[in-house]
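Chemist: Here the protein sequences line up with chains A and B, keeping their order. Taking the working numbering, the leading residue of the first sequence gets 7, the next gets one more, and so forth. Taking the working numbering, the leading residue of the second sequence gets 56, the next gets one more, and so forth. Just so it is clear, CB atoms sit at the ideal spot from N, CA and C, and this is done for glycine as well. Predicted, not measured: the structure shown is a model, and the values here were computed from it.
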Amino acid sequence: MIRLGIIGMGRMGITHYSIINSHPEVEIIAVADTSKITLDLLKKYVPNLQVFKDYKELIDTAKPDALIVCTPPNLHFEVCIYAFQNNIHVFVEKPFTSNVKHAEELKQKFESKGLVNQVGYVNRFNDVFMTVKKYVESGLIGEIIRFKSEMFSCTVSKKEESESWRSFRENGGGAVYEIAAHAIDLVDYIIGPPDQIVGTSMNQIFSKHVEDIVSSTFLYKNGCSGTLYVNWCDTSYRKPSNKLELFGSKGKILADQHGLKVFLNADDVVTGYKKGWNTVYITDIFTPVKFYVRGNEFTRQLYHFADTILGQEKGDICTFTDGYNAQNIMHQLFEDAKINSLKA
Amino acid sequence: MEKIDKIVFGDNQFFGINHMSQEKAQQLSEKFFDTENIYKVYDLAFNNGIEAVMLNSNDRAKEICDYFRENKKQYGHLSWYPSIPYPHKYANMVNEKGIFPAINDVLFSNNSALGILGMVAKGGMAVLSKDAIEMMKMLVDVEVKMYKGLNVKVVFLQNIIVDLLLGYDIKDVFYEYCTYIRKKYNALPGLITQNMPYLKAKLEEWGIEEVVICSSINKIGYLMSPDIQTYLDAIEKNDPNKYQLMAMSTLASGAIRASDAYNFINSLNLQSVVFGASSERNIKETVSLIKLRD
Numbered sequence: 007m008i009r010l011g012i013i014g015m016g017r018m019g020i021t022h023y024s025i026i027n028s029h030p031e032v033e034i035i036a037v038a039d040t041s042k043i044t045l046d047l048l049k050k051y052v053p054n055l056q057v058f059k060d061y062k063e064l065i066d067t068a069k070p071d072a073l074i075v076c077t078p079p080n081l082h083f084e085v086c087i088y089a090f091q092n093n094i095h096v097f098v099e100k101p102f103t104s105n106v107k108h109a110e111e112l113k114q115k116f117e118s119k120g121l122v123n124q125v126g127y128v129n130r131f132n133d134v135f136m137t138v139k140k141y142v143e144s145g146l147i148g149e150i151i152r153f154k155s156e157m158f159s160c161t162v163s164k165k166e167e168s169e170s171w172r173s174f175r176e177n178g179g180g181a182v183y184e185i186a187a188h189a190i191d192l193v194d195y196i197i198g199p200p201d202q203i204v205g206t207s208m209n210q211i212f213s214k215h216v217e218d219i220v221s222s223t224f225l226y227k228n229g230c231s232g233t234l235y236v237n238w239c240d241t242s243y244r245k246p247s248n249k250l251e252l253f254g255s256k257g258k259i260l261a262d263q264h265g266l267k268v269f270l271n272a273d274d275v276v277t278g279y280k281k282g283w284n285t286v287y288i289t290d291i292f293t294p295v296k297f298y299v300r301g302n303e304f305t306r307q308l309y310h311f312a313d314t315i316l317g318q319e320k321g322d323i324c325t326f327t328d329g330y331n332a333q334n335i336m337h338q339l340f341e342d343a344k345i346n347s348l349k350a
Numbered sequence: 056m057e058k059i060d061k062i063v064f065g066d067n068q069f070f071g072i073n074h075m076s077q078e079k080a081q082q083l084s085e086k087f088f089d090t091e092n093i094y095k096v097y098d099l100a101f102n103n104g105i106e107a108v109m110l111n112s113n114d115r116a117k118e119i120c121d122y123f124r125e126n127k128k129q130y131g132h133l134s135w136y137p138s139i140p141y142p143h144k145y146a147n148m149v150n151e152k153g154i155f156p157a158i159n160d161v162l163f164s165n166n167s168a169l170g171i172l173g174m175v176a177k178g179g180m181a182v183l184s185k186d187a188i189e190m191m192k193m194l195v196d197v198e199v200k201m202y203k204g205l206n207v208k209v210v211f212l213q214n215i216i217v218d219l220l221l222g223y224d225i226k227d228v229f230y231e232y233c234t235y236i237r238k239k240y241n242a243l244p245g246l247i248t249q250n251m252p253y254l255k256a257k258l259e260e261w262g263i264e265e266v267v268i269c270s271s272i273n274k275i276g277y278l279m280s281p282d283i284q285t286y287l288d289a290i291e292k293n294d295p296n297k298y299q300l301m302a303m304s305t306l307a308s309g310a311i312r313a314s315d316a317y318n319f320i321n322s323l324n325l326q327s328v329v330f331g332a333s334s335e336r337n338i339k340e341t342v343s344l345i346k347l348r349d
C-alpha cells in the first residue's frame, strides 16, 4: 500500500485526489493547503484524513511514501526539495518549476537517489498522442522535416479583475507556463528538444503582467524545424485543444486530442494504412481506464506514477528530465522574446 | 419509482459538442447559432413521437426554456430532463479565482440568482463554506431555476461532478443530492457517470435507491470504465425498480452504425436512451431503431 499525501488542493489537487483515491494500492493519508475552508470541508467529510496548513508539517507528521504536488508552480521547488530530503516519491504538476536552474537541480537530485519522479504533462498519456509517438518512432512518415505545434483555449476571456499567482510569471502564471507548456512538451515528447529557438514573439490581450499569446520557431541541427503558436484567449474554443502537424519525408500526420489523420506517400504494410489519407478516430485507438474523471489520460498518468512506485511500471514517461526539457525551452522563449521586440 | 421516457432527445448537437470531431462540432455550432434552428429540430423530434428533452443548463438553455414555457399550449406535454451544471462556466471561473471565490460569485454576486435576502439570512459564504451540503443545495437551485414551470421529470448531475465526487467516496453528498431533488423539485434524481458499474455498486452499498443513472453504453466500450464486460454484468443484474438505466453515446460519437448500435442497445436490460441528431432522417431512423426490452 502506498501512503500518499497531496500538497495543494486547488483545481488539480481536487481532481487528482478523486482519481488516485480509486487506485486499490493507494491510501490518501493527508492533504495540505493554505485554505482553511478547503481543509475544514475535507476534515468534515473524509473522517480519517489528516489535514495540514503547512506542507512541511504534513511531511514530518504524516510521513507519506509519495506526494502529489499541485501548489502554484513557484513553490514546486521547495516542496520537492523537502520531499527529496525525506526520500519521498513525487508527482508534480506542470509547469515543473518557474526557474530552469531549479528544474535542473530537482532532476539531478531525484535521479541520484532513484526516487520515482513524474511531471504532469498529461498529453503523454493521451491515446492519440501516444499513437503519434509510436508512428513517428516507427518511421511511418519518415524523417520529420517540419512541424507545427499549436494550442488554443479560452482560459482568459476578459480583463483580470483581481490578481492571483496566475497573474505573474515569477509565480508560474502566463500563457507560456500554463498552456504553451503542453504544446512545448508535445514537441519534446515526439521530436525532442530544439537546438535553437528564434523569432519568439508574445502578445498581451487581457492579462496585465503576463503574455496571452506566444509564437516561436524551433531549429534542429539535423535540419528539422518547426513553429509553435499558442493562444489562451481564443473564445472560439470551448476547451483547451492541442493541434500537432508533422511533415515527414514519407507523409504527414495531423493530430489533436480526439483523433489523427495520416497521409502517406505509399501503402504501409505494418499499419495497413493506404497511400493517401487515413483517418484514425479516438474510438479506434482508445484503451479504457479503471476509473474515469476527466479523460483517460488523467487517470493513466496517476496510475503510472503509483504503478511505478509499486515496481509494475518503468516510470520512464514524463520524468523530471522531461519536465526540465520543457522548462529549458520555456526559459529560452522568454530570453528570445526579449531581443525580438520591435525596433523604435 | 415513476417510469422515465424510453427515448429522450439530447442537446450536444446544438452546442458544438462532438467528442470525435472538432470540425463537425464547429459546423453544428454555426448552424445552431440561430436559436430558431434549434426549435426547428425540436419540432422534427416531437413530430416523430419524442416527448422528452434533456437540456444542459448552459448559457443558452435559459432562452430555450423561456420559449417552451411561453408556448405551453403546444409543448405542455413534454417532459424535461435538465442536466446541471454547465461545467465550463465554472471551470473558467475557478481557473481565474479559485474554487470558493468562484462559488461565492455564483451564489452572491448575482443577486438575481436567488435573492440576496435569503443569502444574508443564511449567513453568507462564511457559514456556508463549513457546510458543503447547504452549498450544494444552493448551487442546485441556481442551476435549476431556469427550468421552473416546465414539467421536470429527472434532474441529472453532470458526469464531471458525479465522477469527481465518486472518487471521494462520500455517501452524504449523493444521499443529500438525491433527497433534495425528490423533495424540493418533486423529480427523480439522476446521475450521469462514466463509471456506471462502480457508481451503481456504491449507491447500493449506501442504500440510495430510486435513482436514474445515465452513462455511455455502446458496443465498442467507448467511455465505459472500467470495461464493457463489467457494464454488461451490472446492466443484466440491475433491478429497474431501484435504478433506471439510461444509455448515452450509443453510437460512440459516430464510430458505430446506427443499426448495429441499437441492435446492441435493444438486447440489454435498459430503461431509456438519450440521443441527439439534427436531421429528420437521423431522428426518424433512430426512433424507429430503438426498441427497448420492456
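Should residue 131 of chain A go down as buried or exposed, given a rule of 16 or more other Cβ atoms within 10 Å for buried?
Modeler: Buried, since its Cβ has 16 or more Cβ neighbours within 10 Å.
Chemist: Step through the CB atoms of chain A and report whether any lies within less than 8 Å of the CB of residue 219 of chain B.
Modeler: It does: the Cβ of residue 219 of chain B has a partner Cβ on chain A nearer than 8 Å.
Chemist: Between residue 82 of chain B and chain A, is there a C-beta pair that is closer than 8 Å?
Modeler: With 8 Å as the cut-off, residue 82 of chain B does not count as an interface residue toward chain A.
Chemist: Consider the Cβ of residue 155 of chain A: report whether some Cβ of chain B lies at a distance smaller than 8 Å.
Modeler: Not an interface residue.
Chemist: Could you check whether residue 181 of chain A and residue 106 of chain A sit closer than 8 Å to each other, using their CB atoms as the reference points?
Modeler: Cβ atoms of residue 106 of chain A and residue 181 of chain A: not closer than 8 Å.
Chemist: For residue 106 of chain B, which residues in the same chain have their Cβ closer than 7 Å to its Cβ, ignoring the five residues on either side in sequence?
Modeler: Here the set comprises 60, 132, 133, 134.
Chemist: With respect to the alpha helix (DSSP H) encompassing residue 217 of chain B, which residues constitute its N-terminal and C-terminal limits?
Modeler: Taken as a continuous stretch (DSSP letters only), the alpha helix (DSSP H) holding residue 217 of chain B covers 214-223.
Chemist: Buried or exposed: residue 30 of chain A, going by 16 or more other Cβ atoms within 10 Å of its Cβ?
Modeler: Classification for residue 30 of chain A: exposed.
Chemist: Using the Cα positions of residue 272 of chain B and residue 18 of chain A, report the straight-line distance between them to the nearest angstrom.
Modeler: Answer to the nearest angstrom: the Cα atoms are 28 Å apart.
Chemist: Check residue 237 of chain B in the structure and name its three-state DSSP category.
Modeler: Note: residue 237 of chain B maps to helix in three-state DSSP.
Chemist: What whole-angstrom Cβ distance do residue 142 of chain A and residue 150 of chain A have, given they're in contact under 8 Å?
Modeler: Contact holds; Cβ gap of about 7 Å.
Chemist: Would you mind sorting residue 357 of chain B into buried or exposed? The rule is 16 or more other CB atoms within 10 Å of its CB.
Modeler: With chain B covering only 56 through 349, there is no way to say anything about residue 357 of chain B.
Chemist: So what's residue 235 of chain A in DSSP terms, helix, strand or just coil?
Modeler: DSSP places residue 235 of chain A in strand when its eight states are reduced to three.
Chemist: Please list, in chain order, the residues of the stretch 234-265 of chain B that have any C-beta partner in chain A closer than 8 Å.
Modeler: Taking 8 Å as the Cβ-Cβ cut-off against chain A, the residues of the stretch 234-265 of chain B that qualify are 249, 250, 253.
Chemist: Mind pulling the chain A residues with CB within less than 8 Å of residue 87 of chain B?
Modeler: In chain order: nothing, as chain A lies at least about 14 Å away.
Chemist: Whole angstroms are fine: how far does the CA of residue 264 of chain A sit from the CA of residue 78 of chain B?
Modeler: One C-alpha to the other measures close to 11 Å.
Chemist: Just to make sure I have the definition right: I need the residues of chain A whose C-beta is within less than 8 Å of the C-beta of residue 281 of chain B. Which are they?
Modeler: Neighbours of residue 281 of chain B on chain A, chain order: 294, 295, 296, 297.
Chemist: Specify, as a first and last residue, the run of the beta strand (DSSP E) that residue 286 of chain A falls within.
Modeler: Its beta strand (DSSP E) spans residues 282-287.
Chemist: Suppose the cutoff is 8 Å on Cβ atoms and the five residues either side in sequence are ignored; what does the same chain contact list for residue 170 of chain B look like?
Modeler: Since pLDDT at residue 170 of chain B reaches only 49, below the 50 mark, its modelled position is unreliable, and the value read off the structure follows with that caveat. Closer than 8 Å at Cβ, skipping near neighbours: no residue.
Chemist: Can a CB atom of chain A be found closer than 8 Å to the CB of residue 319 of chain B?
Modeler: So no, residue 319 of chain B is outside the interface.
Chemist: Counting only beta-carbon atoms, is residue 166 of chain B nearer than 8 Å to chain A?
Modeler: Note that residue 166 of chain B has pLDDT 48, beneath the 50 cutoff, so the model's placement of it is unreliable and no number is given.
Chemist: Span of the beta strand (DSSP E) holding residue 58 of chain B?
Modeler: Per DSSP, residue 58 of chain B belongs to no beta strand (DSSP E) and is neither H nor E.
Chemist: What number of angstroms, rounded off, separates the C-alpha of residue 21 of chain A from the C-alpha of residue 348 of chain A?
Modeler: About 42 Å.
Chemist: Please classify residue 312 of chain B as buried or exposed, where buried requires at least 16 neighbouring CB atoms within 10 angstroms.
Modeler: Under this definition residue 312 of chain B is an exposed residue.
Chemist: Would you say residue 252 of chain B and residue 307 of chain B are within 8 Å of each other, going by their C-beta atoms?
Modeler: Result no, Cβ atoms of residue 252 of chain B and residue 307 of chain B do not sit closer than 8 Å.
Chemist: Would residue 233 of chain A pass as a contact of residue 223 of chain A if the rule is Cβ separation under 8 Å?
Modeler: In this structure, residue 223 of chain A lies closer than 8 Å to residue 233 of chain A by Cβ.
Chemist: Using the Cα positions of residue 123 of chain A and residue 171 of chain A, report the straight-line distance between them to the nearest angstrom.
Modeler: Using only the alpha carbons, I get a separation of about 25 Å.
Chemist: Would you call the CB atoms of residue 133 of chain A and residue 291 of chain A closer than 8 Å?
Modeler: Result yes, Cβ atoms of residue 133 of chain A and residue 291 of chain A sit closer than 8 Å.
Chemist: Pick out whichever of A:70, A:169, A:74 has its Cα sitting closest to the Cα of residue 92 of chain A.
Modeler: The shortest Cα separation from residue 92 of chain A among A:70, A:169, A:74 belongs to A:70.
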